[in-house]
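The structure appears right after this line, and notes come after that.
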Amino acid sequence: MRRDSREAVYKILYADLFYENDEDFEKETMDGGNLSEDDRSFANALLSTVKEHKSEIEEIIEKHARGYSFERIFSTDKCALYVAVAELKYFGDIPPVVSIDEALSLVRKFSTEESLNFVNGILASVKKELEA
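The sequence shown maps to residues 1323 to 1454 in the numbering used here.
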């Protein structure tokens, strides 16, 4: 399931915020997620996209996080935003509503209840801009 792929990418991104990239951790996370070959391929593409465009994704997030500098955003929320913004911007085959819903699922699971509206607001704004 792509949901499992997104969660694996989310966990890797979260770990990367605190530790230097660890290929063993990435492999263990992908293996531990019981991902199918297609799901693993999607997870690798998503992770590569986030890492390749990280600065641009951060600029997009900060632009739409009105009143918040990027540094003030909870780490858990940042990771969900990385995943969703990468999908919204670089994965045209995924409906935006799916990317946003999946990000909100990650926030529900790993962050706070208050973060739902915050993340949803940022993603709705990003979606609107990208569709214009």
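For each residue, glycine too, the CB sits at the ideal point set by N, CA and C. Nothing here was measured: the structure is a model prediction, and the numbers come from that model.
8 Å Cβ shell around residue i - same chain, five flanking residues per side excluded
| i | result |
| --- | --- |
| Ile1444 | Ile1383, His1386, Ala1387, Leu1403 |
| Arg1477 | With the chain running from 1323 to 1454 in the structure shown, residue 1477 is simply not present. |
| Asp1399 | Val1429, Ser1433, Ser1437, Phe1440, Val1441 |
| Lys1376 | Tyr1404 |
| Asp1344 | Ala1337 |
Burial state of residue i, where buried means 16 or more other Cβ atoms lie within 10 Å
| i | result |
| --- | --- |
| Thr1434 | exposed |
| Tyr1332 | buried |
| Lys1450 | exposed |
| Glu1329 | buried |
| Glu1393 | exposed |
| Glu1348 | buried |
| Ala1408 | buried |
| Ser1397 | exposed |
| Ser1421 | buried |
| Leu1410 | buried |
Beta-carbon separation (whole angstroms), residue i vs residue j, contact threshold 8 Å
| i | j | result |
| --- | --- | --- |
| Leu1368 | Val1405 | 7 Å |
| Cys1401 | Leu1335 | 4 Å |
Proximal residues to residue i (C-beta, below 7 Å), its chain only, five neighbours per side dropped
| i | result |
| --- | --- |
| Ala1365 | Ser1327, Ala1330, Val1331, Met1352, Leu1357 |
| Gly1447 | The sequence as given places Ser at residue 1447; Gly does not occur at that position. The residues are His1386. |
| Ile1379 | Val1372, Tyr1404, Val1407, Ala1408 |
| Asp1361 | Met1323, Arg1324, Asp1326, Ser1327 |
Sequence-distant residues of its chain with Cβ nearer than 6 Å to residue i (five each side left out)
| i | result |
| --- | --- |
| Val1429 | Ala1402, Ser1437, Leu1438, Val1441 |
Runs of alpha helix (DSSP H) lying entirely within the segment 1347-1396, each at least 4 residues, in chain order: Secondary structure in the segment 1347-1396: the alpha helix (DSSP H) runs of 4 residues or longer, each lying completely within the stretch, are 1359-1374, 1376-1386 in chain order.
Residue ranges of each beta strand (DSSP E) within the segment 1409-1436, 3 or longer: Correct list: empty.
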